[in-house]
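A.B. asks: Residues in the sequence shown are numbered from 1439 upward in steps of one, following this note's numbering. Don't be surprised by glycine CBs; every beta carbon is placed ideally from N, CA and C. The structure that follows is given in the form of structure tokens.
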Amino acid sequence: MATIRPFYCVRPRQDMAQLVAALPYDVYNREEAVEVVKDAPKSFLNIDRPETQFPIETDMYGQQIYEKARQLLDEWILDGTFMKEDTRCYYLYELTMNGRSQTGVVACVSIDDYENEVIKKHENTRREKEEDRIRHVDVCSAQTGPIFLASKDDQELNEKVIQWKEQEALYDFIAEDGIRHRVFRIDGEVEISYLTNHFAKIPALYIADGHHRTASAVRVGQMRRKLHKNYTGEEEFNYFLSVIFPENELKIFDYNRVVCDLNGKTKEEFLDELSKCVTVEEKPERVKPVKKGQFGMYLDGRWYQLTYPQEHIPNDVVEQLDVSLLQNGILEPILGIIDPKTDDRIQFVGGIRGLEELERLVDQGQAVAFSMYPTTMEELFAVADNQRLMPPKSTWFEPKLRSGLFIHQIEEV
């Protein structure tokens, strides 16, 4: 069963929240992050991507980079940009995008629950991608970006959350991308006890977004356990910062694919091979798939609809995913993309960018783009429950949680 607990939150002063709140660190490449912080000296991206404080030729993984993050965090606490709660609290975090709202419980969850698969994953992590966040969390002694978790629908909890949101919001602002963010503090003994006990009856939580950040937080917790041989399990490093959303409020966007060449084939040869495994129909307009087994394809200035034969779709929870059908039926056998995690011939484009981005990339020199039908929450749960893993880049969640609104310090004084 899931273990959650309230925490002493370090958070922005009310009038600073909108200035501090930043998109996750991995949304930007280095050059983009540098441009963002130029005009936003109080954006949390300054701390999340501390290499932005150094000349571009500086090694972005050097020790001084992480020490700069710790320095800025300490300075912002001292100058009042951040404040620290004097009691353990939970929070509600509501994000509204295009009229659709999702509200999650902000809490700390147990690293043991991750190890014991009470917190379930659907994606593998890569050690080299973990190392950066391990060092960031370790040097800062703080978790600065919450993990996006999902839980199965829970009507009782949903009704409580609606009631609790009737209070005045702690933060209420609209970010530059048009997404509204509201935060409510849950600090009453009765409410805190209810949440802790209620989640203790929930058999599983699921990582929706943030597999590498989760793995990094757990690794730091394990490192701290080795340093504190007599740890009790109550220390802050035994827990990591999360926001837990109900599945019915979440939306997974398509995660589209673009390939730079046709694997030595002419357009005609490629289309001929394609027609042997899927139905190919040229369309006069952009193709946004409306059901499983259907794909859009943009090639040489034209859109095509590809349909995978229903009778050939496997029953296996991973193999029947649309991302698997595309990989196993087209990308690998026809285009030669053996390992999409490491092959630099393929790139992945979040559906939030629209089909126009696929056209732009192909018109500017890429060979072919595929638009996807989104993975569903039911598919995500099924894969995780079966202790299986999805292909890389199977899910894209929007809106993104902002970093800097909630910080969990893990240092034992």
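What residue range does the beta strand (DSSP E) around Ser1762 cover?
C.D. replies: Taken as a continuous stretch (DSSP letters only), Ser1762 belongs to no beta strand (DSSP E), being part of the alpha helix (DSSP H) at 1760 to 1764.
A.B. asks: Over the uninterrupted alpha helix (DSSP H) stretch that includes Glu1469, give me the two end residues.
C.D. replies: Start and end: 1468 to 1476.
A.B. asks: Check whether the Cβ atoms of Cys1578 and Cys1447 sit closer than 9 Å, and answer yes or no.
C.D. replies: No, Cβ-Cβ distance for Cys1578 and Cys1447 is not below 9 Å.
A.B. asks: Comparing C-alpha positions only, which one of Ala1653, His1619, Tyr1504 sits nearest to Lys1567?
C.D. replies: Closest option to Lys1567, Cα to Cα, is Ala1653.
A.B. asks: Could you pull the DSSP bridge partners for Ser1548 from this structure?
C.D. replies: Tyr1677.
A.B. asks: Leaving out five residues on either side along the sequence, give the residues of the same chain with a beta carbon under 8 Å from the beta carbon of Pro1722.
C.D. replies: Result list for Pro1722: Trp1741, in chain order.
A.B. asks: With H, G and I counted as helix, E and B as strand and the rest as coil, what does DSSP make of Pro1450?
C.D. replies: Strand at Pro1450.
A.B. asks: Considering only residues of the segment 1772 to 1831, which uninterrupted alpha helix (DSSP H) runs meet the minimum length of 4 residues and lie entirely inside it, listed in chain order?
C.D. replies: The segment 1772 to 1831 contains these whole alpha helix (DSSP H) runs: 1793 to 1801, 1815 to 1823.
A.B. asks: Using the Cα positions of Glu1817 and Gln1502, report the straight-line distance between them to the nearest angstrom.
C.D. replies: Cα-Cα distance, rounded: 42 Å.
A.B. asks: Cα separation between Glu1489 and Ala1638?
C.D. replies: Glu1489 and Ala1638: Cα-Cα distance of roughly 40 Å.
A.B. asks: Might you give, ordered along the chain, the residues of its own chain that have their beta carbon closer than 7 Å to the beta carbon of His1636, omitting 5 neighbours on each side?
C.D. replies: These residues qualify, in order along the chain: Leu1595.
A.B. asks: So which of Val1756, Val1725, Leu1759, Phe1708 has the shortest CA-CA distance to Pro1771?
C.D. replies: Selected option, being the one with the closest Cα: Phe1708.
A.B. asks: Taking the CB atoms as reference points, tell me whether Ile1557 and Ala1440 lie closer together than 9 Å.
C.D. replies: Yes, these two residues count as a Cβ contact at 9 Å.
A.B. asks: Alpha carbon to alpha carbon, how far is Pro1584 from Val1755? Give it in angstroms, no decimals.
C.D. replies: The straight-line gap from Cα to Cα measures roughly 28 Å.
A.B. asks: Given that a residue counts as buried once 16 or more other Cβ atoms are within 10 Å of its Cβ, and exposed if not, what is Thr1780?
C.D. replies: That one is exposed.
A.B. asks: Taking DSSP as the reference, what is the three-state secondary structure of Tyr1632?
C.D. replies: Helix, per DSSP.
A.B. asks: To the nearest angstrom, how far is the alpha carbon of Pro1747 from that of Tyr1811?
C.D. replies: Whole-angstrom Cα-Cα distance: 15 Å.
A.B. asks: Would you report the Cα separation of Phe1906 and Arg1571, rounded to the nearest angstrom?
C.D. replies: A question about residue 1906 goes unanswered here, because the residues of the chain that appear run from 1439 up to 1851.
A.B. asks: Once you ignore the five residues that flank Val1475 on each side, which residues in its own chain have a CB closer than 7 Å to its CB?
C.D. replies: So the list reads Ser1481, Leu1483, Asn1484, Thr1490, once near-sequence residues are dropped.
A.B. asks: Going by alpha carbons, who is nearest to Asp1453 out of Thr1634, Glu1849, Thr1519, Val1621?
C.D. replies: Among Thr1634, Glu1849, Thr1519, Val1621, the Cα nearest to that of Asp1453 is on Thr1519.
A.B. asks: Report the rounded CA-to-CA distance for Leu1679 versus Ile1845, giving the unit in angstroms.
C.D. replies: Cα-Cα distance, rounded: 8 Å.
A.B. asks: Please list the segments of the alpha helix (DSSP H) lying wholly inside the segment 1538 to 1589, counting only runs of 4 or more residues, in order along the chain.
C.D. replies: The qualifying runs are 1549 to 1553, 1565 to 1578.
A.B. asks: Classify Gln1765 as buried or exposed, calling it buried when 16 or more other Cβ atoms lie within 10 Å of its own Cβ.
C.D. replies: That one is buried.
A.B. asks: Could you give the first and the last residue of the continuous beta strand (DSSP E) run that contains Arg1620?
C.D. replies: Looking at the DSSP string, the run of the beta strand (DSSP E) that includes Arg1620 is 1618 to 1624.
A.B. asks: Take Ala1471 as the anchor and find which of Ser1589, Asp1550, Ser1762, Pro1493 has the nearest alpha-carbon.
C.D. replies: Ranking the options by Cα distance to Ala1471, first place goes to Pro1493.
A.B. asks: So what's Gln1847 in DSSP terms, helix, strand or just coil?
C.D. replies: Strand.
A.B. asks: Taking the C-alpha atoms as reference points, what is the distance between Glu1673 and Thr1525?
C.D. replies: About 16 Å.
A.B. asks: Would you mind reading off the limits of the beta strand (DSSP E) that contains Met1661?
C.D. replies: Careful: Met1661 lies outside any beta strand (DSSP E), inside the alpha helix (DSSP H) at 1649 to 1665.
A.B. asks: Taking only the alpha-carbon atoms, compute the straight-line gap between Glu1505 and Gln1758 and give it to the nearest angstrom.
C.D. replies: Taking the straight line from one Cα to the other gives about 46 Å.
A.B. asks: Looking only at its chain, what residues have a beta carbon closer than 8 Å to the beta carbon of Ala1646, apart from the 5 residues adjacent to it on each side?
C.D. replies: Answer for Ala1646: Phe1586, Leu1587, Ala1588, Phe1683, Leu1688, Leu1818, Thr1833, Phe1835, listed in chain order.
A.B. asks: Which residues in the same chain as Pro1830 place their Cβ atom closer than 6 Å to its Cβ, once the five residues preceding and following it in sequence are excluded?
C.D. replies: If we look at Pro1830 and ignore the five residues flanking it on each side, its Cβ neighbours are Pro1778, Lys1779.
A.B. asks: How many Å lie between Val1656 and Val1543 at the Cα?
C.D. replies: Their Cα atoms are separated by approximately 20 Å.
A.B. asks: So, using beta-carbon positions, are Arg1695 and Leu1769 closer together than 9 Å?
C.D. replies: Yes, the pair counts as a contact, with Cβ atoms nearer than the cut-off.
A.B. asks: Among Ile1848, Glu1849, Arg1840, which residue has its Cα nearest to the Cα of Asp1464?
C.D. replies: Ranking Ile1848, Glu1849, Arg1840 by Cα distance to Asp1464 puts Arg1840 first.
A.B. asks: For the alpha helix (DSSP H) that Lys1522 lies in, which residues bound it at each end?
C.D. replies: Not the alpha helix (DSSP H): Lys1522 falls in the beta strand (DSSP E), residues 1520 to 1522.
A.B. asks: Cβ of Ala1607 within 9 Å of Cβ of Val1621?
C.D. replies: Contact flag set, yes.
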